[in-house]
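As they're listed, the protein sequences go chains A and B. Counting in the working numbering, the first sequence runs from 1201 upward without gaps. Counting in the working numbering, the second sequence runs from 10 upward without gaps. One structure is given below, encoded as structure tokens.
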Amino acid sequence: MDLLQLLSFGDTGWGDELMRGLGVTLALAIVTAPIALVFSFLVAWGKASAWRGVRVFSNGYTTVFRSLPELLTLIIIYYQLQSLINVVARVFVPDANITLNAFAAGVVALTLVFSALGSEVVRSAYQAVDKGQAEAAMALGLRRNQIFFKVILPQMWRHCLPAFGNLWLILLKDTSLVSIIAISDLVRYANMAIATTKEPFFFYSVLAIIYVVLAFLSGRLQSVLEHRSAVNLQGGR
Amino acid sequence: MLSHLIDNVGLWSEGLKNTAMLTLLGVIFGFFVAIPFAASRLSSNRLLSSMSYAYVYVIRGTPLLVQIFIIYYGLGQFHKELKAIGLWWFFRDPFNCGVTAFILNSAAYQSEILRGGILAVPKGVIEAGKALGMSRVQIFRKIIMPITLGRMLPAFGNELVLLLKASSLASVITVRDVMGQARFIYAQTFDLSVFYIAALNYLVVVLLIEAVWRKLEGRNIWLRYSGGH
Chain A
1201 MDLLQLLSFG DTGWGDELMR GLGVTLALAI VTAPIALVFS FLVAWGKASA WRGVRVFSNG
1261 YTTVFRSLPE LLTLIIIYYQ LQSLINVVAR VFVPDANITL NAFAAGVVAL TLVFSALGSE
1321 VVRSAYQAVD KGQAEAAMAL GLRRNQIFFK VILPQMWRHC LPAFGNLWLI LLKDTSLVSI
1381 IAISDLVRYA NMAIATTKEP FFFYSVLAII YVVLAFLSGR LQSVLEHRSA VNLQGGR
Chain B
10 MLSHLIDNVG LWSEGLKNTA MLTLLGVIFG FFVAIPFAAS RLSSNRLLSS MSYAYVYVIR
70 GTPLLVQIFI IYYGLGQFHK ELKAIGLWWF FRDPFNCGVT AFILNSAAYQ SEILRGGILA
130 VPKGVIEAGK ALGMSRVQIF RKIIMPITLG RMLPAFGNEL VLLLKASSLA SVITVRDVMG
190 QARFIYAQTF DLSVFYIAAL NYLVVVLLIE AVWRKLEGRN IWLRYSGGH
């Protein structure tokens, strides 16, 4: 099969290019995930805020970024951030023309989307923790942030895990959209390979296999983590 | 910003029509494709159930963008063979390819929804059906299906919204849905506000669907009864 030769590493094959693309895809997901996680908590916190303005903003944020297609969010962020940065830069340097790093735009857009989705997960996990826990901690005289970080948060983790695992999988797949704003991820390298070799079916099938393998590995990791998070509960109740 | 909306009202309404068609055809046909998948997933035949599990796993594990590319560009590679069996006219059109991808994609997700719903039907009502002397088909059609569908209503609403958002990917293979029109007008005017108009379109449609669904779910509260107690 000379098709398999197309995947070899080196000058003739596209194996090394695809691996480089895979690296970019993974980097994008791995950089985005922790930032989106932190923002998920902040937005969820905002939804429970005592201030009405903060509540409205957090709920609106979630509604907007949950409703818009990820592709649209990505394109808006990519172009709009670029022109915003240039507007600001031109205040200082009249003829500034800064080109925004597409990778950064990708991270910002995916963070917006996934913090909106994640905030819903955090909120329901927070509600899943028994109110009595917080009351008991209060009775013991713990401060508010102690109650959250030492009592509530460790128990939320178990409830968050399945949904966060699901979001991670969606994030991995959504990184493919950045190929449209010219980031050299897996899909873009495949497109380049296809432009030269004219073998779309083969290369897109290879992509599908790579993504399925990533999904499989993520699933394994998730079940290990879920198993661990339930260890303390075994035998109880 | 408004001038782009008013000047191109024809383009935008055509875009909305295409987006609606892509989404509805995907969800509706996806549902019918999902039924055999859910049934074989639940069947006691190991081969059948593992095949449909594999299908769902692959579809859920790969980006929809790649699935669309496989169908549009990948099948295009076999245009001679497709011509021979008389299917080329169908797969030549990007809209048809988009719809096919959405049907196959949505079927996988909907079969999982159906499976979960069928498994959650309380044993007691099935036994009651048997006690009344209903046949297996009758029990499925008159007892299991109505309860499953009513129960799964929120999940189906969610799937509808997800597919609506996903339908924007059809713009990548030159379908002129809302997203496609936005990209088309942007290519001529280089005015970013067209994307905000598109965003507004999607936002309004999603909020409408959610409002309709809240109404529908309100009428089905009796279905939350889970038997027992």
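Where a beta carbon is used, it is the ideal one built from N, C-alpha and C, also for glycine. Note that the structure is a prediction, hence the values are computed from the model and not measured.
*Interface residues of the stretch 1263-1280 of chain A facing chain B [CB-CB below 9 Å]*: 1263, 1264, 1266, 1267, 1268, 1269, 1270, 1271, 1272, 1273, 1275, 1276, 1279 and 1280
*Can the beta-carbon of residue 153(B) be found less than 8 Å from the beta-carbon of residue 127(B)?*
yes
*Chain-order list of residues whose beta-carbon lies under 6 Å from that of residue 1277(A) (same chain, five-residue window excluded)*: 1305, 1308 and 1309
*Along chain A, which residues have their Cβ under 7 Å away from the Cβ of residue 188(B)?*
Per Cβ cutoff of 7 Å: 1269, 1271 and 1272.
*By a C-beta neighbour count over all protein chains shown, 10 Å radius and 16 as the cutoff for buried, is residue 16(B) buried or exposed?*
exposed
_Am I right that residue 1267(A) and residue 74(B) are in contact with their C-beta atoms under 8 Å? What's the rounded C-beta distance?_
Rounded, the Cβ-Cβ distance is 20 Å, inconsistent with contact.
_Integer-rounded CB distance, given that residue 1327(A) should sit under 8 Å from residue 1365(A)_ = 19 Å between Cβ atoms; not a contact.
*Give the residues of chain A in contact with residue 163(B), contact being defined as C-beta atoms less than 9 Å apart.*
The CB of residue 163(B) never comes closer than 9 Å to any CB in chain A; the least such distance is about 14 Å.
_Minimum Cβ-Cβ distance from residue 47(B) to chain E less than 8 Å_ = Protein chains in the displayed structure are A and B, and chain E is not among them.
*Report the three-state DSSP secondary structure of residue 1339(A) (helix, strand or coil).*
helix
_Threshold first: 3 residues or longer. Then list the beta strand (DSSP E) segments lying entirely within the stretch 20-45 of chain B, N to C._
none
*Smallest Cα separation from residue 245(B): which of 95(B), 117(B), 130(B) and 81(B)?*
With chain B represented from 10 up to 238, any question about residue 245(B) goes unanswered, as that position is not in the structure.
*Residues in the stretch 69-99 of chain B with C-beta within 8 Å of chain A's C-beta atoms, listed in sequence order?*
69, 70, 71, 72, 73, 74, 75, 76, 78, 79, 82, 83, 84, 85, 86 and 87
*Could you check the C-alpha separation between residue 1487(A) and residue 1282(A) for me, to the nearest Å?*
This structure does not reach residue 1487(A), given that chain A is present from 1201 up to 1437, and the question cannot be answered.
*Excluding sequence positions up to five away, which residues of its chain have a Cβ less than 6 Å from the Cβ of residue 171(B)?*
none
_Counting only Cβ pairs nearer than 7 Å, list the residues of chain B close to residue 1411(A)._
Per Cβ cutoff of 7 Å: 70, 71, 72 and 75.
*Could you pull the start and end residues of the alpha helix (DSSP H) that residue 66(B) belongs to?*
55-70
_Own chain partners of residue 1427(A) with C-beta closer than 6 Å, once the 5 adjacent residues on each side are dropped_ = none
*Closer than 9 Å, Cβ to any Cβ of chain B: which residues of the stretch 1355-1383 of chain A, in chain order?*
1369, 1372, 1373, 1374, 1375, 1376, 1377, 1379 and 1380
*Use the C-beta contact count for residue 102(B): other C-beta atoms within 10 angstroms, 16 or more gives buried, fewer gives exposed.*
exposed
*Can you tell me whether residue 1272(A) is buried or exposed, with buried defined as 16 or more other CB within 10 angstroms of its CB?*
Flag for residue 1272(A) reads buried.
*Okay, do the stretch 1364-1380 of chain A and the stretch 40-52 of chain B touch, 3+ Cβ pairs below 8 Å being the bar?*
no
*Scan the stretch 1302-1367 of chain A and note each continuous beta strand (DSSP E) run of 3 residues or more that stays entirely inside, going in chain order.*
none
*What do you get for residue 1249(A), buried or exposed, if any count of 16 or more other CB atoms within 10 angstroms of its CB means buried?*
exposed
*Buried or exposed: where does residue 1214(A) fall if 16 or more other Cβ atoms within 10 Å of its Cβ makes it buried?*
buried
*residue 1187(A) at chain B interface by Cβ criterion, 8 Å*: Examination of residue 1187(A) is not possible in this model, given that chain A is present from 1201 through 1437 alone.
*Determine the contact status of residue 1236(A) and residue 1318(A), defining contact as a CB-CB distance below 8 Å.*
yes
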